[in-house]
Structures are given as structure tokens and as C-alpha cells.
Amino acid sequence: MADILVLYGSYRSGRMGIRLADYIVRRLQERGDAAELIDARAVGLPMLDQMYKEHAPGLAPEPMERLAGRIREADAFVFVTGEYNWGVQPGLKNLTDHFLEEWFWRPAAIASYSAGRLSGARSNSAWHAILCEMGMPVISSTLTVGPIGATLDVDAQPTGDAGKALDRAFGRFADDLAWWADAARVQRERQAPPY
Ligand SMILES: Cc1cc2nc3c(=O)[nH]c(=O)nc-3n(C[C@H](O)[C@H](O)[C@H](O)COP(=O)(O)O)c2cc1C
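Printed below as a string of C-alpha cells:
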């Protein structure tokens, strides 16, 4: 069983990606993982001023302190990434940038989506580089969901052929992430990270 944070960051009132985030949390929990949704809009960090580590110990705002603790505890991360104008969504990027060392030495996976058939492919690709820069090895399995509205209904249940395709892809995606989460945990126990 792995402790997995599923991070999502659209602030839009009519946001669609929450369906994919909820789907992933549910499917991971069904496998026995301790999956938790980190919804950037609900966490409500301000636009980046001071990173978590720039606050004096114990003086970071409470939501930032709590999230830092959850990131440090987690075995792996899933970034659920929509695409705005071929780029990443600012809400999730803003949350992510508040931390750095807290992310190190654990694997990340990317699940992208969009309203169209390209499934957020460009944000998927952009997040790959960002997460590697932030110390997370990114696994090669990925989920690409589009059109999101034709894949998951409002209750995050798969619909139609696109929903069936997502269900089929999920198993390998989760197996891959579980393997790397386990490998990283064993290695952290065997040998302290070098920095
Ligand atoms: C500001 C903005 C820019 C967008 N740019 C793209 C884009 O570059 N590529 C794309 O496939 N979809 C784009 N879309 C459509 C999104 O894929 C779709 O609205 C999706 O539901 C956004 O995620 P969210 O609902 O979780 O906020 C854009 C939507 C918005 C609001």
C-alpha cells in the first residue's frame, strides 16, 4: 500500500478535470492505496511570495505547513494536468512552486486531459520537465484523457468507449507507479538520500 497524493489545480467554477482527479483517487483507493486529493483551489495558497522553506520554522501559514508535511510523508504523486493555451494551469503550478526539497526522492506520474482529443498532451509534456527539475523521477506510464466530457461523467464514472479505454489504461499506470513508489521507499530506508 502506498501513500499517494493526487494533485489538481484548476480554479475555474465549471472545472472538468476534477472528474479525472476524483476517478484516480477512487481507483487507487480500490487498489488499497492511501490516495488523497490535494485540490489547489481548496488549499488556497496565495500567489507565490515566499516559498515554504523561506518561512521561519513553525511560522508558515497553516495550510502550507500541513501540505509540506503531507508531501514529505507521501510515497508518490500523481499530477492531474489540464492545458491552458498550450501551457500548464497556473493554480497547480503555483502550489507546486511553493515547495522544492519536500518533493525530492519520490516518483511522480502525470495524468493529462482536455476538452478536445489532444488530451492536454502539451501540458503533459511541460509537466514532465518541471517535475524532473523538482527532484521527482517521472514514470513513463501516463494517462491522456480527451475529450474529458466524453470520458467521465459528473460523478467521475467512466462513460462510453473513451471511459473503457481509460479503465484499461489505468491498471498499467497504477502498477508502474506502485513499483517505483516501492523501489524509492526501499532505497530511502536502505540509504539516506545524498542531499
Ligand atoms: C484559458 C483556457 C485555455 C485553454 N487552452 C487550451 C489548450 O491550449 N488546449 C486544449 O486542448 N484545451 C484548452 N482549453 C480547454 C480545456 O481543455 C478545457 O476547458 C478543460 O476543461 C480545462 O480544464 P478545467 O475544466 O479542469 O479547468 C482551454 C481552456 C481555457 C479556460
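Using my numbering, you'd call the opening residue of the sequence shown number 4 and step up by one each time.
The C-beta atom is built at its ideal place from N, Cα and C for all residues, glycine as well.
Since we're looking at a predicted model, the values are computed, not measured.
Checklist line | Cut-off 8 angstroms between Cβ atoms - residues of its own chain near Trp183, not counting five sequence neighbours on either side | finding: Ala79, Pro110, Pro140 and Ile142
Check: Are the beta-carbon atoms belonging to Arg122 and Ser128 less than 8 angstroms from one another?
Finding: In the sequence as presented, Arg is not what sits at residue 122; that position holds Ser. No; because the gap between Cβ atoms is not below 8 angstroms, this pair is not in contact.
Margin query: Are there any heavy atoms of ligand 1 lying less than 7 angstroms away from the beta-carbon of Leu98, as far as the coordinates show?
Written below: Closer than 7 angstroms to some heavy atom of ligand 1: that does not describe the Cβ of Leu98.
Check: Between Ala165 and Val148, what straight-line distance do the alpha-carbon atoms span, to the nearest angstrom?
Finding: 8 angstroms
Next item on the list: Please say whether Gly85 and Arg44 have beta carbons closer to each other than 8 angstroms?
Entry: no
Next item on the list: Output the distance between the C-alpha atoms of Asp42 and Met54, rounded to the nearest integer angstrom.
Entry: 18 angstroms
Next item on the list: Within 10 angstroms of the Cβ of Trp130, are there 16 or more other Cβ atoms? Answer buried if so, exposed if not.
Entry: buried
Next item on the list: Please state if the CB of Ser126 and the CB of Phe176 are separated by a distance shorter than 8 angstroms.
Entry: Going by C-beta atoms, Phe176 is not nearer than 8 angstroms to Ser126.
Checklist line | Residues of its chain near Pro161, where Cβ-Cβ distance is below 8 angstroms and the 5 sequence neighbours each way are ignored | finding: Apart from sequence neighbours up to five positions away, the residues of its chain that approach Pro161 with a beta-carbon distance below 8 angstroms are Tyr26, Thr154, Leu155, Lys167, Leu169 and Asp170, ordered along the chain.
Notebook entry, point to check: Leu51 by DSSP, collapsed to three states: which one?
Noted result: coil
Notebook entry, point to check: Do you know how far the Cα of Leu51 is from the Cα of Asp178?
Noted result: Between Asp178 and Leu51, the C-alpha separation is close to 34 angstroms.
Notebook entry, point to check: Can Met67 and Gly35 be called in contact, C-beta distance under 8 angstroms?
Noted result: Going by C-beta atoms, Met67 is not nearer than 8 angstroms to Gly35.
Next item on the list: Report yes if the C-beta distance between Leu48 and Asn97 is below 8 angstroms; otherwise report no.
Entry: yes
Notebook entry, point to check: In or out: Arg15 buried (at least 16 other Cβ within 10 Å) or exposed?
Noted result: Under the 10 Å beta carbon count, Arg15 is surrounded by fewer than 16 other beta carbons and is classified as exposed.
Margin query: Could you tell me the alpha carbon to alpha carbon distance between Glu65 and Leu146, rounded to whole angstroms?
Written below: Approximately 33 angstroms, taken between the alpha carbons.
Next item on the list: For Asp25, name the three-state secondary structure that DSSP assigns.
Entry: DSSP places Asp25 in helix when its eight states are reduced to three.
Next item on the list: Identify whether Val46 lies in helix, strand or coil by the three-state DSSP scheme.
Entry: helix
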